[in-house]
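In our numbering, the protein residues as written are 987 to 1549. For glycine and all other residues, C-beta sits at the position ideal for the given N, C-alpha and C. Have a look at the structure below before the remarks.
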Amino acid sequence: MKQAVLLVGLAAILGGGCSREQFVAEVDGKPITVREFAARYEQFLSQGSMRDNIKLRHEVLDNMINERLIFNDVVAQGLDRDSVYRRRMEVAMRQALLDAYARRISFDTIRISEQEAREEFRLFNTRATARYLYAKTKKGAWELKRRLQNGETFESLAREVFEDPGLATNGGYLGEFGWGEMEAALEEAAFTLPVGTISDPIKLRIGYAIVKPESRIVQPLASEYDYAKVRQKLADRIQEKKIDHLIRKATDEIVQSLAPTFNDEAVRTVFAHWTLLARNEVPPSEPRSLPKDISAMTFMHTSRGSWTVRDFVERAEWTTDKQRRRVHSEDDVKDYAIGLATREVLLERARAEGLEKDSAVQAQLASVRERFLLRRWADSVQDTVGSSGWDARLLDSVYQANKAHLAYPPEVNVAEILVRTEEEARQIRAQLSAGADFGELARRRSIRLWAAKRGGELGFGTQAAFGPMGEKFFAASVGEILGPERVDPYWAVFKVLERRQGRPKSFDEARSDIVAVLTQERRRQAFRAAVGDLRSRASITVNSDLLANIVIHTESQARGRSL
């Protein structure tokens, strides 16, 4: 059976009231109806390239039966009633409410006029060029703008802020781009600010940008036919931007009304302990513990009151590990706290509007609940695998059987000089042939800055790690110069520095690999055994004739009927 199907979601458990002809299976007296099976099966077919057949129908039905049995066991064990479950569902409810409130303040108010669509069409037919600089924090972005205003250039600053060799050496130049090809906030600045203007810090999905539009050209001769073809796409884009604008406006207004101020000492203390706060346990089963003298420190004041460090930590526990990993500075801690305070206001508004009963909220909660409980049950039957250690004889037998594959592969160490054009690369190759020092040329000319600082050295890698060039590197001798070679979109000259022969791993070196493979296999076995045990104790009937004759509608069938 395919566990992937099992994880699609638990089917709703319905009570009686169905005649025998209406259900394809019965699990401990509870039916799986034709409607439920057809919905799941059609969803499964739509997600891959599988074609309908009777064997596949039985596999999907078997997994639906397994889900019923697992869910019954979840209830019997109380896994849907303890504090871990309640905390996870509260996190899910909060996110569902925030999503629902965002829909409420956007979709309910958005109207798209013909004039707006025409203006969007003009942008759609516009090409722009721009430069930008990147900073992790707003404070860092303001500092970049200050330095630009004081006479420094995009070219000089780009070498500081970008690791990408192209952006680092071309002054952050983005080239020519069109509508919908860049991140929305950056694109809006490039298409709307006066040409030559240097923007204030612009919030990106990650970090901040300073943008300078350099040119805009409107493509002529766009017709009504062209407009009609993309009208819906234009409307979708306008709606997306309006939703983003409305949500940002609502949150900005909340932040302004909160008027947050911080105790900088407490912020520094929190950031110093961020590794503890951001550990991978979401939500934690127990509140995170901090030293008492830290917990009681005043952290933030707003118009709604004050938070201690403990207040902040308790609120942070209701966010995700991914959200907490975005904190890389003290300014990020402040932004994070402001976001938490803003969320509280939005949640209050969502609850005041009765969105807890919204059908979309309930559907989102049900989906989270099903996935969480399925995964939790699977973990509960697998979590003892390897806990008592591994038999040395078993590990040795696996090592002996797989020794040929348990090896360190051969590697080479290569240096590179990366440049923009083939002509530059040819000039460099000629200089090397005339006796120039490779490392010195790399330091002066290569646009891959991190390698240039090391004389062009890229480090050891396997043939696969070097991609299309791997075969050439491994065929070359140590000291040989290769190139010019195309390294899209640039050109490079290479030098093979060292070669390291592959060798078999010793038992001690291979032990962690062996344990990982055994653990994965034993977890699969434990899962299958636990499901088998549930099935052996259950009453299961399947209506195979009905299953074979259910009419299934797939997207490909729908397209076929429309031809």
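Residues near residue i by beta carbon distance below 7 Å, same chain, minus five either side
{"i": "R1117", "result": "F1140, G1157, G1158, Y1159, L1160, K1198 and E1200"}
{"i": "A1524", "result": "V1013, D1014 and L1055"}
{"i": "Y1071", "result": "L1065"}
{"i": "S1281", "result": "T1294, V1295 and R1296"}
{"i": "R1133", "result": "L1143"}
{"i": "A1411", "result": "V1405, G1469, P1470, W1477, A1478 and V1479"}
{"i": "A1221", "result": "I1098 and A1103"}
{"i": "S1419", "result": "none"}
{"i": "T1288", "result": "L1244, A1245, P1246 and A1327"}
{"i": "P1151", "result": "L1404, I1433, R1434 and L1435"}
{"i": "W1128", "result": "P1187"}
{"i": "K1320", "result": "F1248 and V1253"}
{"i": "A1236", "result": "I1091"}
{"i": "G1445", "result": "N1399"}
Minimum Cβ-Cβ distance from residue i to chain D less than 7 Å
{"i": "A1416", "result": "Judged by its chain identifiers, the structure shown contains no chain D, having just a single protein chain."}
Residues near residue i by beta carbon distance below 6 Å, same chain, minus five either side
{"i": "G1126", "result": "none"}
{"i": "A1438", "result": "A1428, R1429 and S1432"}
{"i": "A1516", "result": "V1367"}
{"i": "A1252", "result": "M1283, F1285 and V1295"}
{"i": "G1137", "result": "none"}
{"i": "E1272", "result": "Interpretation of E1272 is limited by its pLDDT of 46, a score under 50 that renders its predicted location unreliable; the figure taken from the coordinates is listed afterwards. Same-chain partners within the cutoff: there are none."}
{"i": "D1344", "result": "A1086"}
{"i": "E1484", "result": "N1399"}
{"i": "A1422", "result": "none"}
{"i": "E1443", "result": "A1401"}
CA nearest to the CA of residue i, picked from the options
{"i": "D1318", "options": "E1300, G1193 and R1431", "result": "G1193"}
{"i": "R1108", "options": "L1134, R1217, K1016 and L1172", "result": "R1217"}
{"i": "A1393", "options": "D1307, K1491 and D1369", "result": "K1491"}
{"i": "R1301", "options": "H1044, S1032, Y1027 and V1077", "result": "V1077"}
{"i": "F1165", "options": "L1190, I1203, N1111 and Y1211", "result": "As written in the sequence, residue 1165 is Trp, which differs from the Phe given in the question. Of L1190, I1203, N1111 and Y1211, the residue nearest in Cα terms is N1111."}
{"i": "T1505", "options": "D1369, G1421 and A1420", "result": "D1369"}
{"i": "A1349", "options": "A1461, M1079, H1231 and M1050", "result": "M1079"}
{"i": "Y1213", "options": "A1512, Q1101 and M1455", "result": "Q1101"}
{"i": "G1456", "options": "P1395, R1361, Q1511 and G1425", "result": "P1395"}
{"i": "Q1309", "options": "Q1413, R1191 and I1414", "result": "R1191"}
{"i": "T1305", "options": "M1075, I1040 and L1042", "result": "M1075"}
{"i": "L1179", "options": "R1202, F1163 and Q1417", "result": "R1202"}
{"i": "V1384", "options": "D1499, S1374 and L1262", "result": "D1499"}
{"i": "L1341", "options": "I1091, Q1033, M1050 and K1228", "result": "I1091"}
{"i": "A1195", "options": "A1121, S1374 and F1248", "result": "A1121"}
{"i": "V1313", "options": "T1261, A1336, R1355 and R1335", "result": "T1261"}
Whole-Å CB distance - residue i paired with residue j, under 8 Å assumed
{"i": "R1431", "j": "I1403", "result": "6 Å"}
{"i": "L1172", "j": "I1184", "result": "With a Cβ gap of about 14 Å, L1172 and I1184 do not count as contacting."}
{"i": "V1147", "j": "L1359", "result": "The pair is not a contact, with the Cβ atoms about 45 Å apart (cut-off 8 Å)."}
{"i": "A1082", "j": "L1333", "result": "That belief does not hold up - the Cβ atoms of A1082 and L1333 are roughly 11 Å apart, past 8 Å."}
{"i": "E1106", "j": "I1224", "result": "5 Å"}
{"i": "A1086", "j": "A1346", "result": "6 Å"}
{"i": "A1175", "j": "D1230", "result": "14 Å between Cβ atoms; not a contact."}
{"i": "L1084", "j": "R1329", "result": "7 Å"}
Own chain residues within Cβ distance below 8 Å of residue i, not counting five before or after
{"i": "V1501", "result": "G1372, W1376 and L1381"}
{"i": "F1298", "result": "V1256, F1285, M1286, A1323 and L1326"}
{"i": "F1459", "result": "V1398, V1400, Q1449, F1452, L1468, F1480 and V1482"}
{"i": "V1010", "result": "I1018, T1019, V1020, F1023, L1047, V1528, N1529, L1532, L1533 and I1536"}
{"i": "I1538", "result": "A1024, Y1027, E1028, L1031 and D1038"}
Boundaries (first-last residue) of the alpha helix (DSSP H) holding residue i
{"i": "I1324", "result": "E1316 to A1338"}
{"i": "F1493", "result": "F1493 to S1522"}
{"i": "H1044", "result": "I1040 to Q1063"}
{"i": "K1343", "result": "Run containing K1343: none; DSSP gives neither H nor E here."}
{"i": "A1258", "result": "D1250 to A1258"}
{"i": "E1457", "result": "G1456 to A1461"}
{"i": "V1464", "result": "It is not in any alpha helix (DSSP H) - V1464 carries neither H nor E in the DSSP assignment."}
{"i": "S1292", "result": "Where S1292 is concerned, there is no enclosing alpha helix (DSSP H), although the beta strand (DSSP E) it sits in stretches over G1291 to T1294."}
{"i": "D1307", "result": "D1307 to R1310"}
Span of the beta strand (DSSP E), counted from its first residue to its last, around residue i
{"i": "H1231", "result": "Note, H1231: premise wrong, no beta strand (DSSP E); alpha helix (DSSP H) at E1210 to L1244."}
{"i": "A1011", "result": "F1009 to V1013"}
{"i": "F1480", "result": "Y1476 to R1486"}
{"i": "R1472", "result": "I1467 to V1473"}
{"i": "V1537", "result": "No beta strand (DSSP E) contains V1537, which DSSP labels as neither H nor E."}
{"i": "F1023", "result": "Looking at the DSSP string, F1023 is not in any beta strand (DSSP E); the run it does join, the alpha helix (DSSP H), is V1020 to S1032."}
{"i": "T1527", "result": "I1526 to V1528"}
{"i": "F1285", "result": "T1284 to T1288"}
Residue i Cβ short of 6 Å to the ligand MG heavy atom set
{"i": "Q1506", "result": "You won't find the ligand MG in this model; it holds no ligand whatsoever."}
Next on the checklist: So within the region 1088-1141, which uninterrupted beta strand (DSSP E) runs reach at least 3 residues, ignoring any that extend past its ends?
Outcome noted: If only complete runs of 3 or more residues are kept, the region 1088-1141 shows the beta strand (DSSP E) at 1112-1121, in order along the chain.
Item to check | Those runs of the alpha helix (DSSP H) which lie wholly inside the region 1361-1413 and span at least 4 residues | outcome: The region 1361-1413 contains these whole alpha helix (DSSP H) runs: 1378-1387.
Checklist entry - Where are the alpha helix (DSSP H) runs, 4 residues long or more, that stay fully inside the region 1151-1198, in chain order? => result Complete alpha helix (DSSP H) runs here, min 4: 1151-1155 and 1170-1178.
Item to check | Every unbroken alpha helix (DSSP H) inside the region 1420-1446 [4 residues or more] | outcome: Under the rule that a run must span 4 or more residues, the alpha helix (DSSP H) segments found entirely inside the region 1420-1446 read 1424-1431 and 1435-1438.
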